[in-house]
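Number of protein chains: 2
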Amino acid sequence: MTEAAAPASARAEEGDGGLVRVRLDLDYDGTDFAGWAAQPGQRTVAGVLLAGLGTILRTDPEQLGLTVAGRTDSGVHATGQVCHVDAPLGAWLALPGRSDLDPPEAMVRRLAGTLPRDVRVRAAVLAPPGFDARFSALRRRYAYRVSDHPAGPPPLRRHDVFDNRRPVDVAAMDAAASRLVGLNDFAAFCRRREGATTVRTLLEYSWARDDAGLAVARVVADAYCHSMVRALVGALLAVGEGRRPVDWPAAVLAGRVRDSAVNVAPPHGLTLEEVVFPDDAGLAERARQARARRTLC
Amino acid sequence: MTEAAAPASARAEEGDGGLVRVRLDLDYDGTDFAGWAAQPGQRTVAGVLLAGLGTILRTDPEQLGLTVAGRTDSGVHATGQVCHVDAPLGAWLALPGRSDLDPPEAMVRRLAGTLPRDVRVRAAVLAPPGFDARFSALRRRYAYRVSDHPAGPPPLRRHDVFDNRRPVDVAAMDAAASRLVGLNDFAAFCRRREGATTVRTLLEYSWARDDAGLAVARVVADAYCHSMVRALVGALLAVGEGRRPVDWPAAVLAGRVRDSAVNVAPPHGLTLEEVVFPDDAGLAERARQARARRTLC
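Those sequence lines, one after another, are chains A and B.
Per our numbering, the first sequence starts with residue 1, numbered consecutively.
Per our numbering, the second sequence starts with residue 298, numbered consecutively.
Here it is as structure tokens:
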């Protein structure tokens, strides 16, 4: 697992083989990250991951193309994030060094020895033809967790559960949420961006109690505009606490303009749990459609 | 919830009503605590809890009797810890102040406003007659969580899951664990203490994978000697990794002397999940038996 394990020939091969696209499945605790996107002077998931990839691939991180399925904001967690990196073929093949691992296993183990403990690449595979972590994805699933216990969230869960000490009516929230599902203009729940559409397909939005008694939102959409999930959660907390009626979020949606009465819920309750891709045959076609139809934000 | 909410008469009542025993159910993230027991100059759960109780009861913490069901070591967590405090009756009755809460609700809310976020008192009730958190308890249940994923534990679980990157055979561990169950002398798994018995009843010891793929030990006993659970886990990890045969832990047990081949597993994988008490009628009798039979450590 050390640098010395890679044979000297690795460097010679680096320039001659072109690039391979590698799919990475990763998790992170967003607490100490300023979000996904690399930014100078900030500790970000992409920045930390690129530094680790640069080390194990012996490549300038700036030369590595890294593309993510779901850009997460500062403080947001992921248990099912997906990204891809375009790596020099020679560096990929050299990863196992003198071990009997194959390159995917070697990448996971060497990244585990390099990355800090708040980000984990649990799988690395050669991407199938046509795969693009951003444009091939069919849908993204998020969870938002709320504790409404008067004593606060369970201490071991305080990093990924929002502490809302006013009791919430989860059945009312679930009823209100179901009225937002469908192909809609979510401008009321989006931060405006010039030239970007706010039309999205919300495939699922439900609220239920989990085994620990937490109120948990499950949100599935093809894609999201900026702060959309957290605004959808903020609107529903107003219903859950009885500050707004059950039909209020649907009325806000119908208004189609950003509504200042909608609070954006804090980031640390939010976790990206899953990104779903089509089977291999559908990857390239999906990417073509997604690129043509919209500008993702 | 502020100090000002307690009526001035509270202080006058403090001296005249004797003491009430209050049962507290609490959780904590043991990461930043030097264990349960109050120690000068150390941040401990008992120390932090006594400071909070002292504030809300307006009583010198040194005057509050605090007794716990399961003394946990430095770094060990709890999701089901139980303790009792003997509080001045007047201070207890004064807790609601001008609110319409009853004293148990008021204690939970006021402690939540006082305690740091890594410890939570989720319930406070007047203890039934004969209740003693330590001596009335019938049994304590612990869980020990191990990740054997080559990339390490899930980042959001890294505080309560032991990172063991060598794969373990959970079926072999479970088979070996079942052979330790029963009324036995656990001297082989205990740190020796002068005059203390090492005979304990291990009611359950099993290993299984949870939904997240973690290897989880479930350990239930009437009581434990020092570092017993973590030594039982360490011995079984040797079996899980194939370093020792399935019948080795039972052979170590039969040896009845502390075995240096048994590693004590690190504390942060361990969580006290439940303390079971008899129904109210059985409390005093259980406490009498437990006091007579053994010195707890």
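For glycine and all other residues, C-beta sits at the position ideal for the given N, C-alpha and C.
Problem set entry | Residue from Arg110(A), Pro155(A), Val168(A) and Ala143(A) whose Cα sits closest to the Cα of Ala123(A) | Arg110(A)
Problem set entry | Proximity below 8 Å, CB of Tyr502(B) to CB of Val478(B) | yes
For this session: Taking only runs that begin and end inside the segment 437-496 of chain B, name each unbroken alpha helix (DSSP H) of 4 or more residues, in chain order.
Result: Qualifying alpha helix (DSSP H) stretches, in chain order: 467-475.
Problem set entry | Candidates Pro150(A), Asp163(A) and Ala251(A), of which the one nearest His268(A) by Cα | Asp163(A)
For this session: Could you please tell me which residues of the segment 132-165 of chain A, in chain order, have their CB closer than 7 Å to any CB of chain B?
Result: His149, Pro150, Ala151, Gly152, Pro154, Pro155, Leu156, Arg158, His159 and Asp160
Exercise. What residues in the segment 347-375 of chain B have a beta carbon less than 7 Å from any beta carbon of chain A?
Worked result: His374
Exercise. So, is the C-beta of Ala112(A) closer than 8 Å to a C-beta in chain B?
Worked result: yes
Exercise. Considering only the beta carbon of each residue, do Arg431(B) and Ala366(B) sit closer than 8 Å?
Worked result: yes
Exercise. Around the Cβ of Ala512(B), are there at least 16 other Cβ atoms within 10 angstroms (buried) or fewer (exposed)?
Worked result: Counting the other Cβ atoms within 10 Å of the Cβ of Ala512(B) gives 16 or more, which makes it buried.
For this session: Locate the alpha helix (DSSP H) running through Leu237(A), then write down its first and last residues.
Result: Met228 to Gly240
Problem set entry | Limits of the unbroken alpha helix (DSSP H) element including Val554(B) | Premise fails: Val554(B) is in no alpha helix (DSSP H) and is neither H nor E.
Exercise. Would a check of beta-carbon distances place His84(A) closer than 8 Å to chain B?
Worked result: no
Problem set entry | Under the three-state DSSP convention, the category Gly213(A) falls into | coil
For this session: Examine chain B for any beta-carbon lying closer than 8 Å to the beta-carbon of Arg98(A), and answer yes or no.
Result: no
Exercise. By the criterion of Cβ-Cβ separation under 7 Å, what are the contact partners of Val119(A) in chain B?
Worked result: Pro452
For this session: Would you mind sorting Arg243(A) into buried or exposed? The rule is 16 or more other CB atoms within 10 Å of its CB.
Result: exposed
Exercise. Which residues in chain B sit within 7 Å of Asp29(A), going by Cβ to Cβ distance?
Worked result: Pro452 and Leu453
Exercise. Would you say Ala391(B) and Pro150(A) are within 8 Å of each other, going by their C-beta atoms?
Worked result: no
Problem set entry | Among Val422(B), Asp507(B) and Gly351(B), the one whose alpha carbon lies nearest that of Asp399(B) | Val422(B)
Problem set entry | With 16 other Cβ atoms within 10 Å as the buried cut-off, status of Val554(B) | exposed
Problem set entry | 8 Å Cβ cutoff, Val319(B) in contact with chain A | no
For this session: Would you list the residues sitting across from Tyr28(A) in a DSSP beta bridge?
Result: Answer is Ala78(A) and Val119(A).
Exercise. List, in order along the chain, the chain A residues whose C-beta lies closer than 7 Å to that of Arg406(B)?
Worked result: Pro150
Exercise. Whose Cβ in chain B lies nearer than 8 Å to the Cβ of Arg122(A)?
Worked result: His446 and Ala448
Exercise. Are Val239(A) and Ala292(A) closer than 8 Å when you measure CB to CB?
Worked result: no
Problem set entry | 7 Å Cβ shell around Asp329(B) - same chain, five flanking residues per side excluded | Arg340 and Asp415
Exercise. If you draw a straight line from the C-alpha of Met298(B) to the C-alpha of Ala331(B), how long is it?
Worked result: At Met298(B), the pLDDT of 39 sits below 50, so the modelled position is not reliable; the number obtained from the coordinates is stated separately. Cα to Cα, the separation comes out at about 29 Å.
Exercise. Hey, how far is the Cα of Gly47(A) from the Cα of Ala548(B)?
Worked result: 51 Å
Exercise. Which residues mark the beginning and the end of the alpha helix (DSSP H) in which Val573(B) is found?
Worked result: Membership of Val573(B) in any alpha helix (DSSP H) is not indicated; the residue belongs instead to the beta strand (DSSP E) covering Leu567 to Val573.
Problem set entry | Residue from Val418(B), Leu534(B) and Phe574(B) whose Cα sits closest to the Cα of Leu293(B) | Given that chain B is displayed from residue 298 to residue 594, the structure contains no residue 293(B) and the question cannot be resolved.
Problem set entry | Segments assigned beta strand (DSSP E), at least 3 residues, entirely inside the segment 340-393 of chain B | 362-365 and 374-385
For this session: With Arg406(B) as the anchor, note down where its alpha helix (DSSP H) starts and where it stops.
Result: Pro400 to Thr411
Problem set entry | Test item: CB-CB of Arg53(A) and Val20(A) under 8 Å | The identity of residue 53(A) in the sequence shown is Leu, whereas the question assumes Arg. Result no, Cβ atoms of Leu53(A) and Val20(A) do not sit closer than 8 Å.
Problem set entry | Among Leu236(A), Asp160(A) and His159(A), nearest to Ala176(A) - alpha-carbon criterion | Leu236(A)
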